[in-house]
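full-length UniProt numbering numbers the first residue of the sequence shown as 1 and each following residue consecutively.
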Amino acid sequence: MKVLFVVSEVEDLVKTGGLADVAKALPIALNEMGHEVCIVMPYYKTLAQQHPGEEWAEPQTLFASRKPYDFTIKRLQIGNVPVYAIDYPAYFSRDGLYSDSYHAYPDNAERFAFFAQGALQVAKALDFQPDIVHCNDWHTALTPYFMSIDDSGFFDRSRSVFTIHNGAYQGTHRFSDIPFLQPHYLLHSQLDGDALNFVRMGIRYAHKINAVSPNYAQELLTPLGSHHLYHEFQQRRSDLSGILNGCDYTQWDPINDPNIIQTYTADDMSGKEMCKIDLQREAQLPQDIGIPMVGMVCRLTEQKGFGYILPMLEQLMQHNVQLVIIGTGDPQISHTLRGVAERHPDKCAFIEAFSVQKAHMLEAGSDFFLMPSLFEPCGLNQMYSLAFGTLPIVRGVGGLKDTVTDLADNPEQATGFVFEHPDSEALLACIQRALLFYREYPQRFKETQMRAMHSRFTWQQAAKQYLALYNTALGG
């Protein structure tokens, strides 16, 4: 099968979030199964600086509003998968991918409308006639629309798949602010006033739609979980499915992790105690392996549950516990976390930074990983935590519900702790339940750690499900 994988970021090249992890791992897994995959992405400034590619094919031109958009194609590589990057400096030679610091670029709609059609032009330039055009999130959501109006015949046998990694980000912009789309009168009937919602277009025009976990796909079909696109998802419910993301265990494995002070296995977790001491030292907390350690690393946003995390922190600090939070984001959240850490320097540490090494140190050194998200399409950190024997404390939403089994629900298969209601009382009660288990049942706690470390969510499994989805899209 030939797959054109259209995406805005790829791990090891440029990355802002979990989308990049998928964009690397899934194409590689498909390639290893014998399928021909090409990735198309923008040629960002940081990409050009760190991974200069060679120019590939002839210079290309797209026309819109009587304006020529001249661009070149650069070729790079991820594993054995070729990556073709659209080099259009006016749109992509900027310091950030989507924003300058905290402010989104005002012409993002124009930039990614151009990219959505440019990706199809790349396929033509390479004479790569795909069976499947796999689009990802709002940045590429217009590609199925451009396929539908392409009259060259090149994509007549191609089918599109649109993956929603996070439905909260929909690319809603004023249509009148997108010069590239002005000739497309067909879109006028799709507007809400003057607003064009890119994700809505992806839902309407893609042959198949999927979310990044089965539970998140079900949530998208509800008024509460649909991110205000309930009717759109309901109309396409027969074409909507959920496929759980995999975990890259080549990077997240305590057996051979170069980022932690001591490696360890499920059969011998003595090294995890050394990792705990190392995390306590890094966080400037008292070094005592007997104190339960709760860790959290994430973007500081409301989505991650801080609306009910912050109000219960003072109560949590009344317990014999240590809490380490690593992340950057909302200044108000940062301010509150700094205050808690200053008032409780022996129990709470807030590290307002992010690095891969610190994230690995926290996963290895913590006893519990806090991930009480308001919503979480799939989530990866809970998978990393399981691999490191760090029991997740999560809210039962999205992929968190698909990957973590609560102790109370199934003690013999449990891998963590799950609560339901998005409020401080429910979260605190869940953490207290975890701390009590740690204190009163140390042997069962170790058995649960071992069970967590043996759980696996592989990209090979996910790739097989994507192939089944592709075949369904093709009518197989």
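Quick reminder that beta carbons are idealized off the backbone N, C-alpha and C, glycines included.
Small disclaimer: the values here were computed from a predicted structure and weren't measured.
Figure out for me which residue from 188, 431, 262 and 380 has the closest Cα to the Cα of residue 320. Checked all of 188, 431, 262 and 380; the closest Cα to residue 320 is 431.
Within the same chain, show all residues whose beta-carbon is closer than 7 Å to that of residue 37, passing over the 5 residues directly before and after it, in chain order. 3, 5, 27, 30, 31 and 81
Exposed unless 16 or more other CB atoms sit within 10 angstroms - verdict on residue 349: buried
Just list the residues that DSSP pairs residue 210 with in beta bridges. 163 and 241
Beta strand (DSSP E) containing residue 194: first to last residue? Careful: residue 194 lies outside any beta strand (DSSP E) and carries neither H nor E.
Assign residue 356 to one of three DSSP states: helix, strand, or coil. helix
Local Cβ density within 10 Å of residue 255, reported as buried at 16 or more and exposed below that: exposed
Our contact map puts residue 202 next to residue 144 with C-beta atoms below 8 Å; I'd like the distance itself, whole angstroms only. 6 Å
In the stretch 330-418, which residue ranges form an unbroken alpha helix (DSSP H) of at least 4 residues, counting only runs that do not cross its ends? 331-343, 356-365, 381-387 and 398-403
For residue 176, count the other beta carbons within 10 Å of its own beta carbon; 16 or more makes it buried, fewer makes it exposed. Which is it? exposed
Would you mind stating whether residue 416 and residue 377 have Cβ atoms separated by less than 8 Å? no
Taking the C-alpha atoms as reference points, what is the distance between residue 264 and residue 270? 7 Å
Please name the residue, chosen from 424, 59 and 389, that lies closest to residue 252 on a Cα-to-Cα basis. The shortest C-alpha to C-alpha distance from residue 252 to any of 424, 59 and 389 is the one to 389.
Cβ-based neighbour list, residue 386, same chain, cut-off 8 Å, excluding 5 preceding and 5 following: Result list for residue 386: 392, 403, 404, 415, 416, 452, 453 and 455, in chain order.
If we call anything under 8 Å between Cβ atoms a contact, is residue 232 one with residue 225? no
Straight-line CA distance for residue 478 to residue 83? In this structure the chain extends from 1 to 476, so residue 478 is not present and cannot be described.
Excluding the 5 residues preceding and the 5 following residue 47 in the sequence, name in chain order all residues of the same chain whose CB lies nearer than 7 Å to its CB. If we look at residue 47 and ignore the five residues flanking it on each side, its Cβ neighbours are 13, 14 and 85.
The stretch 197-213 touching the stretch 169-184, judged by at least three CB pairs closer than 8 Å: yes
Short of 7 Å in beta carbon distance, which residues of its chain neighbour residue 479, apart from the five on each side in sequence? Order them along the chain. With the chain running from 1 to 476 in the structure shown, residue 479 is simply not present.
Measuring alpha carbon to alpha carbon, tell me which residue in 299, 394, 65 and 338 is nearest residue 330. 299
In angstroms with no decimal places, state the Cα-to-Cα distance between residue 394 and residue 383. 12 Å
State the DSSP-derived secondary structure class of residue 461, mapped to helix, strand or coil. helix
Cβ-based neighbour list, residue 11, same chain, cut-off 6 Å, excluding 5 preceding and 5 following: 20, 21 and 24
Between which two residues does the alpha helix (DSSP H) containing residue 14 stretch? Run containing residue 14: none; DSSP gives neither H nor E here.
At what residue ranges does the stretch 250-295 contain a whole run of the alpha helix (DSSP H), taking only runs of 4 or more? 270-282
Considering only C-alpha positions, which residue in the set 465, 400, 62 and 55 is nearest to residue 180? 62
Nearest residue (CA-CA) to residue 273, options 424, 133 and 366: 366
Residues in its own chain within less than 8 Å of residue 354 by CB, not counting five upstream and five downstream? 297, 326, 327 and 328
Buried or exposed for residue 136, please, with buried defined as at least 16 other CB atoms from any protein chain shown within 10 angstroms of its CB. By the 10 Å Cβ count, residue 136 comes out buried.
With a Cβ-Cβ cutoff of 8 Å, do residue 310 and residue 362 count as a contact? no
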